[in-house]
Structures are given as structure tokens and as C-alpha cells.
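S.K.:
Chains as they are written, first to last, in the working numbering: chain A, 628 to 1017; chain B, 67 to 420; chain C, -14 to 307.
1. Where does the unbroken beta strand (DSSP E) through residue 49(C) begin, and where does it stop?
2. With DSSP run on the structure shown, which of helix, strand or coil describes residue 977(A)?
3. Quick check on this structure: which residue in 49(C), 258(C), 89(C) has the alpha carbon closest to the alpha carbon of residue 138(C)?
4. Please report the distance separating the alpha-carbon of residue 211(C) from that of residue 15(C).
5. Using a Cβ-Cβ cut-off of 7 Å (strictly less than) and excluding sequence neighbours within five positions of residue 109(B), which residues of its own chain qualify?
6. What does the Cβ neighbour count give for residue 796(A), buried or exposed, with the cut at 16 atoms within 10 Å?
7. Residues of chain E with CB under 8 Å from residue 912(A), in chain order?
8. Apart from the five residues on each side of it in sequence, which residues of its chain come closer than 7 Å, Cβ to Cβ, to residue 880(A)?
9. Residue ranges of each beta strand (DSSP E) run of no fewer than 3 residues wholly in the segment 50 to 91 of chain C, ordered along the chain?
10. Go to residue -6(C), then tell me how far its alpha helix (DSSP H) extends in each direction, as first and last residue.
11. Using a Cβ distance threshold of 8 Å, determine whether the segment 94 to 109 of chain C contacts the segment 151 to 159 of chain C, with at least three qualifying pairs required.
12. When the Cα of residue 57(C) is compared with those of 214(C), -1(C), -8(C), 262(C), which residue comes out closest?
13. Which word fits residue 686(A), buried or exposed, when buried means at least 16 other C-beta atoms lie within 10 angstroms of its C-beta?
14. With a 10 Å radius around its C-beta and 16 neighbouring C-beta atoms as the bar for buried, classify residue 635(A) as buried or exposed.
15. Looking only at its own chain, which residues have a Cβ that is under 8 Å from the Cβ of residue 863(A), when we skip the five neighbours before and after it?
16. Which residues in the same chain have their Cβ closer than 8 Å to the Cβ of residue 100(C), if we skip the five residues on either side of it in sequence?
17. List the residues of chain C whose Cβ lies closer than 7 Å to the Cβ of residue 933(A), in chain order.
18. With a threshold of 8 Å between beta-carbons, can residue 79(B) be considered close to chain A, or not?
19. Is residue 902(A) buried or exposed, if buried means 16 or more other CB atoms sit within 10 Å of its CB?
20. So which residues on chain A does residue 69(C) lean against when the C-beta distance must stay under 8 Å?
21. For residue 716(A), would you say it is in contact with chain B, using Cβ-to-Cβ distances shorter than 8 Å as the test?
22. Using C-beta distances below 8 Å, list every residue in its chain close to residue 222(C), excluding the 5 sequence neighbours before and after it, in chain order.
23. Where residue 1013(A) and residue 300(B) are concerned, what is the direct C-alpha to C-alpha distance, given to the nearest angstrom?
24. Closest Cβ-Cβ distance between residue 80(C) and chain A: below 8 Å?
25. Can you give the beta carbon distance from residue 233(C) to residue 217(C), rounded, assuming they're within the 8 Å contact cut?
26. Just the Cα atoms here: how many angstroms apart are residue 135(C) and residue 141(C)?
27. What do you get for residue 307(C), buried or exposed, if any count of 16 or more other CB atoms within 10 angstroms of its CB means buried?
28. Is the distance from the Cβ of residue 956(A) to the Cβ of residue 774(A) below 8 Å?
29. With a threshold of 16 other CB atoms inside 10 Å of the CB of residue 660(A), please say whether the residue is buried or exposed.
30. Please name the residue in 124(C), 127(C), 131(C) whose C-alpha comes closest to that of residue 113(C).
31. Whose C-alpha, out of 932(A), 712(A), 987(A), is nearest the C-alpha of residue 747(A)?
32. Could you check whether residue 971(A) and residue 355(B) sit closer than 8 Å to each other, using their CB atoms as the reference points?
33. Less than 8 Å separating the beta-carbons of residue 162(C) and residue 35(C)?
34. Got a sec? Which residues, its chain only, sit under 6 Å from residue 330(B) by beta carbon, not counting five neighbours each side?
35. Chain C beta carbons: is any one of them nearer than 8 Å to that of residue 847(A)?
36. What residues in its chain sit with their C-beta under 7 Å from that of residue 235(C), if we drop five residues either side in the sequence?
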């Protein structure tokens, strides 16, 4: 077992290494470089351009540059952004990441929840008329042409109805004399949501031991309401009160993108849940549960859905991996400056340090996510848990 | 010997019939099939109309056709302040068949006169079912052309992708060891690369036409995560007793691979193929929408043009420029997905109703 | 006092190929405290009868005719909510393949608790724990099983746990559908003893379904032999074994080896079970009967149970062919 883990880690390092090399070579193969715009300036002598190229080492042959980059990478030196000099890629990523995280954390939570709920209900209503057309609608919202749909939403809610802002994540006028940077607000919002979710989950776990079902439901509801009240108090006192206005502004801007992406994203989970549930429903223990006299709703939720949860959660974790990839389109259309836009921008403008840093970030992110997926699978399925313990 | 072959053929035919009747049971599959057939009909309709001469190529060609739509307009003068009794707000002037005198650069017409102008893009009429775009090209013809592109691209990239991943997956399952490890790490690598940025990069250094895009999409898809899934399916087949008996009776590895393992992996591969078509159509549309492809006409391109020329935010005024393309992508991709779901029910008995 | 009376029960499954008549005009009754056996080959309808008692048959199965009186009350016409009341606390089932009766991600104890909670929602956690421990003691399991997951138990343990589960809500009637088919003979013997013991202690009625005629002989007071959806012979177990009337019953008995007496060649039945789709009412056994009469060949005789002797009924067509 130990040997297997070691071998896997060793392979992982090689893969990551190859990943870095592949990315660099790919970026390099794009014709031109980040500084070509300098050539357009008629007043700039040719030597200045050559000097700049030499300064950045772009005149060295490919293999030298790759080796140099990897050496620096493992030293922790990611260079400076070519385009946004003198900022480092780390700075840029740190600035953009919370924005993307905020948006897509909300989206994933809402989409996953809604998707699971709908998928559960769909599978249970197998064969009825409503099942067919709800499923078909879900499929179409899954395959809808995303840029077109996003633009339609922007137009409808932003322009026609004028209910929600068109793009961007804040109103600059409101932030004119704000003592805070947007990053700080983002970070505190993320922290708040993370803490609230963890608390709610803990409440769920600790109430598992209550015997009477109605009592259990009441306690959980009470914990939920306390959380809401607590949040309200939190945001209206002291330090947070000042931050509240800005946080509200950001939240207001988040509504449309979150809604749009959720509409497209929930269907994937819903359809997967539906398929998995349909398979589970044929199992014998469902029959036993019916024989025990348990209500259909309870069978659906506590028996069937619980078993369908495993593959759905795994796929959820894998969708987290593709957050950044998926955010490229959304951020472009909604002008939400986050990681997606950063990647797109750096690729298009050949800002190699930033692009490499972003790609590496995604790579590491993917590897960690796979790892978390494995662990959570073991947790959710006691059969695997026992096996892995010995 | 001959009898055996006949019997085998007979069995296969019966199985096909049974599978077909099971597929017909699935409502989702049938809906999807109708949609796909509809678009197939559209893509075949266009060359048919051109060949039989019902449609004049000069007018109806989706890329270089041109149709003149002359329309009479009333010349008006828009007031500077609103509301007036004729116009409620700024957006109401000029009205539907009116033109503001201030925007007339090439005419001496006065207020109150009617002039004839070339109306592009033109709304739907009897000559052009879905109207024309800003260059005078028939939108319906564009939709049909886009349908052709979608089918070709989708099927080509899906077949390529599934071919690659099935081959690699079965090889990985069958030969195990170093080959397996290498193939798994390779697909890990592909999985780590973000798709959209990768496509951007490729489009930056290689000019992407339809065929090229199909090959690229197929290869990336084929080398990615699907290899892992096919491999696990092939592994399940490998441990089945009949494979062992095939080896004992002297079947070579290749023989076993092709006549035993592959047919059992085929249903899953078919499923993947159908779902890949959905992905391919979506990717193409997104890339066209961002202006990265060198395609003459496709649905994504139609939306791209509409956005670049500023018609998107005009709302329902120019609906024929916005809705047909978007809805087509949605429905065709969705149609293939539904067919895939229907096939799922045929191959996975646990999903059936009875 | 009849705890269960089944009168003229008909049940079919609607399939793509037609209507499968799985249960044809089945009538029997079970007294309080007695065990009733149903024996027959695979596919003869035994499980379908069991399922229809609690309306647990598959979605495409429909009861088209008949009454099922439990404690004097008809339960065919009940709606889902009322049925749920009866399920488990009135009648419970030990399923065929009880290995798979357990939800793999929930602990055994919790699954039993769930059943108790459904029917006795006001009991405290302690009461329930005590009850579960009692049940485990009856079936011979350790109380630590409560905290285990199903895959951690062996086949025999799971089977006993299923019996404990079936007893958890103090039912009046238990249906045991081939509970020992998948187990080895030693465990089978233990389980059968447990079931008998439980029955004696708690005074339960039992319907025991099996294709193993030896087990039926051991476990039951009365029995019925089923073939192709109908009952062909029914009566006190002792009587049926001592004096089988129907050809099928005779074949069944003769196909089981006996350890007493001289060595005999085992007889078996040629042919296959008939298709149950869209049949008329003739005797379906006539296709395989070793000595059919002319009536049987014409396929005109309807199936009908008539009294042969005291507490011994047999299908009318075989009264003649003997």
C-alpha cells in the first residue's frame, strides 16, 4: 500500500513537470511576443526593443528558457508580469482569485443543491408526464448556447427591466471614497460564507443523534434561524457595519451572473442525480424500506438519495476543478475581472509569466481536487472507508 | 460453417430490432431523435434547394448571397425633447417605417416625403422566412448551413475522439503495467489543461477551419478523461470468464481484444460519442462567438456578427438575427444529448421502466 | 381464528409482450399461530403471492380480482397511507436474498430503529435500544451488531438480522420468502431452528415459501403446492406428504432423495414451465403431466380446487388421473 502511494506521488511529480514544459512550449508557439506593440511606436529606436527583449531573456533559445523557468519555478520565483509590470503574477492572482472564488463558490453551492433536489424528484416521478418535460427542459438548459443565453439575460434584466447592473462587480461612484479595497471586502465575504457553511454542517452532524424525527427537524430549523440572526447581527455591528455597504454592492452585482450560470449548471447535477437515483431505486433495500411501511418521501430522501450521493459528490468536486475554465466566458461577458479573465488576457497578450503561473495554479488545483475527491468518497461510502483503514 | 454465420447474423438482426423497440420506449430518446432528424433534414434541404434551382444561389447563398429589400420610409424629424404627442420617448422616434432626416447623408429628401431605402437587416417576409442579416444574406439559409457545419463537425470530432479513447482505454486495460500507467498519466495531463484557454492558444498559432477544429477537439477529447472510463469498463469485461475461456482455446491477444472486449465496450463508447457531439457543437459555437475561427458560416458566427454589429441589445427588434442561431445550437446539442439518454436506457437495464 | 384469508386472488404483470398472469384464482387461509407453506418451482408465482399480500409487487403488477382479509379486514382496497400502517406492524416479510435487504450506507441498528420509529414514534431511544437488543438475543446475534454496517456481517448474520428486523414491530404474521436459499446447510438448519423458536415464543403466524420440499415438511403445519400461478394441491402437510393426489405433487416428492428405504432412481419432469402470457383457464400442468387423461389433452378442463379429504384439497382434473 505504502509503495503504491509513493509510486503515485512520484508519477504525479513527473506529470506536473511535463505539464509545466507543455504549457511553456504551447505559449511560446504563439507567434510574436508581449512586446511587439513597442515596435509600433515610430519614435522608439529598434535598439530599445532589442534591449527590452534581451532584458527579459526572450532572445534565448526555447530549451534554455524552459529550463530556466522550471528552475525558477521550484525556487518560488515566478518573475514579473510582462504586461502589468512591475506586478508579479502572484500579486495578480491573489487579487483576482477572491473575485472568481466568490462568484463560483455561490454558483456551485446553489447549482449543486438545486440540481440534486430536482434530480431526486425527477427520478422519483419516473414515468409521469411532468418528469418528461422537466427533464427535457433541464437538458435544454444544460445545452443552451451559453454566450447567447448570458447576453440575453444581461439584456433582459439589465437593459430592458433595468433591475440589475450590467456587468462589472461594483459601482465605481459608490466606492469613490471608500477606505477599503475591493479585495478586502471579497475576502471577508468569502470568510463569512465559509464559516457559516461550516457551522451549519456541524449543526447537521451533531443533531444526527436525536431520536425523534420531529424533534430533530425542529432543532435543525432552530440552528438555521440562529445562523441567520447571527449573520444579521454580525454584519450590522462594529467593523462590519462599515464594510456592509460595499459588500451589499458586490452582492447586488453578483445576482445576475450567479443566476445565469446556475440555470446552466444545475442541469448537469440534476441529470446525473436522476440517472444514479434510477439505478439505486432498483435495489432490493428500497423494497425492504417500502415493506417497512416508510413513506415514499422518506425512502426517496434517506435511502435512495443517500446512495445516489456518492457519484454526484465526486462529480461536484470535479466541477470545482473546472471553475476557472468555466469562468472565462462568464467573466468576459459580465466584465467580472477574475481569474478567468486573467488567463484569457495573459494568453492573448502573451504575458508568459502570468499565463504560466495561472496554468500552474490550475494544475495544482486539479491535483488537490482529485485528492479531496478520493477522500470524500471514502468518507461517504463506509465500504471503502473500512477497506482503506486496513 | 455457413449456418453458423447465418445464425450469428440472425441473432444480431433480432438484437437490433429489440434494441430499437426499447429505444422507442424511451420518450426522451424519441424526442431527441426527432430533433436530430429535423436538423438533418434542414442540412440536406439546402443543397437540394440549390441543385433543383428552387433557390437562386446568387440570392440565397448564406455567405455571399445578396438580397435587395426595398422598403418605403417616411422621412420625419425627431424632436429634441420628449415626450411629445407623437412619440412617447426617445426610442420611439424614428418609428417602424420612418427614418430620421438627420441620418440621411446621401439624399436630399425633406420631412414628409417618402424615400426608398435598402432595408438590411430585413425582417422575415414571404421571400425570406427568417429575414436577412445586415449584409443581405438570407438567415434561414444560414441556419441550414450552420446545421451542416454542426453535423459534420460534431460527428467527425466525436468519432475521432471516441475512436482514440476506446482504443487507448482497451489497450490500457488489457496490457496493464507500464503501458497502463503511461496512458493514465497522459490523460491526467490533458485533464489538467484548461480547455478554453487551450483552444485559444491553438487558435492563435494555427488557423482553424472546420476540419482542423474537428480534429483538435476530437484529439483533446479522446485523450482526456474518457480513456479512464473506457478503461474501467474494459477491465470489467476482462475479468469475465468468457475472456479466460477465449484465451484457453488459443485466441491471440489481438483477437480477444477485437472480438470480445471491444463489442462489450461498444455501448459505452457509443454513449460517449453521442455526448461528445453535444460538447463539440457547443465548443464550436463558443469559439465562433469569440471570433477565433475561420469558418464561413456557422451558428456561433451568426451570434458573433449580431453582437459585433450591435444588434444584441436591440432586444426583440431584430429578433431574427439573435433567436434562430441561439435556439438552433441549444436544440441540436440538446437533441443529441436526449438521444444519448435514450441509448443509456437501452444499454443499462436498471434505468428502464419495465 | 383466521388471521389471513385470501379469496380468489388474481394478479398480472403488464409487459411489452402481453399480460403475464402470475397469480390465478388463489385462495387459502392461515390461522393464528400456525405456519403455512407454499411450495413450487421457480416462476410458479409464490413470490408474487407474497408481494401482493402487502401490495409490494412491481409497478406493472396489478391485482385484478380477489380479496385479502387480514384480521377480517380487506386490505386490497386500502390506499397507500393505510397500507403503510399494516406493513411491518401487522405483516412483515423476510425477503428472498435478504443479503441485499440492507441499505449499505446505514448502520444495521439504525435501519431497525427506523422501522420501529415509523410505527411507534413516541418511544424513547433507550426503549428502542433495549428492544433491539432483545431481538438480537432471540435470533442469536451479539448486540454490537447494531453499530456495524451491512457489509461487515457474514451471510448468516445478515439473515438473522433480517429476521430481527422483521420482528421489530411485533407483527402478527411473518412471510418468509425462501430465507435460506443462499446459505449453506449448517446455517440453514440454525436459521430454521431460530424461526421455529421465535414462532413458539411469540405466537406468530408464518407463511413459509420455498422450493425445497424438505424444508416445508419440517417447518409447516399446512401447505399449498403451486404450479404456473395456481394452487394444485393444498392441505395439512402431513396429509399431503402421506397421500399426494396431484401428479405434480407426486413428482416433487419423488424427485427428492430419501435417506431411508432402498435406493430409487430419482424421477424428474420433462419440459419447461409454461408461458404465463394470456392463457385461458385450462390446466397448465397437462402439458407435462406424465399420465394425462383425454380431458387433459383437449385442454378443456378448468382449474378448480375440490375437496379430496378432510383438510386436503386438490385440483379437480387430477382427481381422475390419480
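Here a beta-carbon is modelled for each residue, glycine too, at the ideal position from N, C-alpha and C.
M.R.: Straight from the coordinates:
1. Here the question's residue 49(C) lines up with position 64 in the third chain. For residue 49(C), the uninterrupted beta strand (DSSP E) segment begins and ends at 46 to 55.
2. Along the first chain, one-based indexing puts residue 977(A) at 350. Secondary structure at residue 977(A): coil, using DSSP grouped into helix, strand and coil.
3. In the third chain, the residue the question calls residue 138(C) occupies position 153. Checked all of 49(C), 258(C), 89(C); the closest Cα to residue 138(C) is 89(C).
4. Along the third chain, one-based indexing puts residue 211(C) at 226. Along the third chain, one-based indexing puts residue 15(C) at 30. Distance between the alpha carbons of residue 211(C) and residue 15(C): 16 Å.
5. In the second chain, the residue the question calls residue 109(B) occupies position 43. Answer for residue 109(B): 210, 213, 214, 217, listed in chain order.
6. Here residue 796(A) corresponds to residue number 169 of the first chain, with the count starting at 1. Burial call: buried.
7. Here the protein chains are A, B and C, and chain E is not one of them.
8. Counting from 1 along the first chain, the entry for residue 880(A) is found at position 253. Cβ within range, chain order: 792, 795, 796, 797.
9. The qualifying runs are 76 to 79.
10. Here residue -6(C) refers to the residue found at position 9 when the third chain is read from its first residue. Residue range -13 to 0 is occupied by the beta strand (DSSP E) that includes residue -6(C), with no alpha helix (DSSP H) assigned at that position.
11. Pairwise C-beta distances place the segment 94 to 109 of chain C in contact with the segment 151 to 159 of chain C, as three or more of them are shorter than 8 Å.
12. Within the third chain, numbered from 1, the residue matching residue 57(C) stands at position 72. Residue -8(C) holds the alpha-carbon nearest to the alpha-carbon of residue 57(C) among 214(C), -1(C), -8(C), 262(C).
13. Here residue 686(A) refers to the residue found at position 59 when the first chain is read from its first residue. With a 10 Å radius around the Cβ and a threshold of 16 neighbouring Cβ atoms, residue 686(A) comes out exposed.
14. Numbered from its first residue, the first chain carries residue 635(A) at position 8. Per the 10 Å Cβ criterion, exposed.
15. The residue given as residue 863(A) occupies position 236 in the first chain. Leaving aside the five residues that flank residue 863(A) on each side, the residues in its chain whose CB is nearer than 8 Å to its CB run, in chain order, 871.
16. In the third chain, counting from the first residue as 1, residue 100(C) sits at position 115. Once the five neighbours on either side are set aside, the close Cβ partners of residue 100(C) are 73, 150, 153, 154.
17. By 1-based counting over the first chain, the position of residue 933(A) is 306. Chain order gives the chain C residues near residue 933(A) as 90, where near means a beta carbon separation below 7 Å.
18. Position 13 of the second chain, counted from the start, is the residue given in the question as residue 79(B). No, because no Cβ of chain A sits closer than 8 Å to the Cβ of residue 79(B).
19. Counting from 1 along the first chain, the entry for residue 902(A) is found at position 275. Burial is judged here by how many other beta carbons sit within 10 angstroms of a residue's own beta carbon; residue 902(A) has at least 16 and is buried.
20. Taking the third chain and counting its residues from 1, one reaches residue 69(C) at position 84. Using a Cβ-Cβ cut-off of 8 Å, residue 69(C) is close to 920, 921, 922 of chain A, given in chain order.
21. Position 89 of the first chain, counting from 1, holds the residue named residue 716(A). Output row for residue 716(A): interface = no.
22. Along the third chain, one-based indexing puts residue 222(C) at 237. Answer for residue 222(C): 22, 201, 202, 205, 206, 207, 208, listed in chain order.
23. The residue labelled residue 1013(A) in the question sits at position 386 within the first chain. The residue labelled residue 300(B) in the question sits at position 234 within the second chain. Unreliable positioning characterises residue 1013(A) in this predicted model, as indicated by a pLDDT of 48, which lies under 50. The coordinate reading is nonetheless provided below. Each residue's Cα considered, the two are about 27 Å apart.
24. On the third chain, residue 80(C) is found 95 positions in, with the first residue counted as 1. With a threshold of 8 Å between beta carbons, residue 80(C) makes contact with chain A.
25. Locating residue 233(C) in the third chain gives position 248, counting from the first residue. Locating residue 217(C) in the third chain gives position 232, counting from the first residue. Confirmed, about 5 Å.
26. For the purposes of this step, residue 135(C) is taken as residue 150 along the third chain, with counting starting at 1. For the purposes of this step, residue 141(C) is taken as residue 156 along the third chain, with counting starting at 1. Rounded to whole angstroms, residue 135(C) to residue 141(C) spans 12 Å at the Cα level.
27. Residue mapping note: residue 307(C) aligns to position 322 of the third chain, counting from 1. Annotation note: pLDDT 48 at residue 307(C) (below 50); position unreliable, coordinate value reported separately. Around the Cβ of residue 307(C), a 10 Å sphere holds fewer than 16 other Cβ atoms; the residue is exposed.
28. Translated into the one-based positions of the first chain, residue 956(A) becomes position 329. Translated into the one-based positions of the first chain, residue 774(A) becomes position 147. With a cutoff of 8 Å on beta-carbon distance, residue 956(A) and residue 774(A) are scored as near each other.
29. Residue mapping note: residue 660(A) aligns to position 33 of the first chain, counting from 1. The residue in question, residue 660(A), is buried, as its Cβ has 16 or more Cβ neighbours within 10 Å.
30. By 1-based counting over the third chain, the position of residue 113(C) is 128. Checked all of 124(C), 127(C), 131(C); the closest Cα to residue 113(C) is 131(C).
31. Position 120 of the first chain, counted from the start, is the residue given in the question as residue 747(A). Checked all of 932(A), 712(A), 987(A); the closest Cα to residue 747(A) is 932(A).
32. Here residue 355(B) refers to the residue found at position 289 of the second chain. Here residue 971(A) refers to the residue found at position 344 of the first chain. Residue 971(A) sits away from residue 355(B), with the two beta carbons spaced by 8 Å or more.
33. Residue numbering aside, residue 162(C) sits at position 177 when the third chain is read from its first letter. Residue numbering aside, residue 35(C) sits at position 50 when the third chain is read from its first letter. Cβ distance < 8 Å, so residue 162(C) and residue 35(C) count as in contact.
34. Here the question's residue 330(B) lines up with position 264 in the second chain. Once the five neighbours on either side are set aside, the close Cβ partners of residue 330(B) are 303.
35. The residue given as residue 847(A) occupies position 220 in the first chain. Using a CB distance cut-off of 8 Å, residue 847(A) does not count as an interface residue toward chain C.
36. To locate residue 235(C), count along the third chain from 1; it is residue 250. For residue 235(C), where only same-chain residues beyond five positions count, the Cβ hits under 7 Å are 229.
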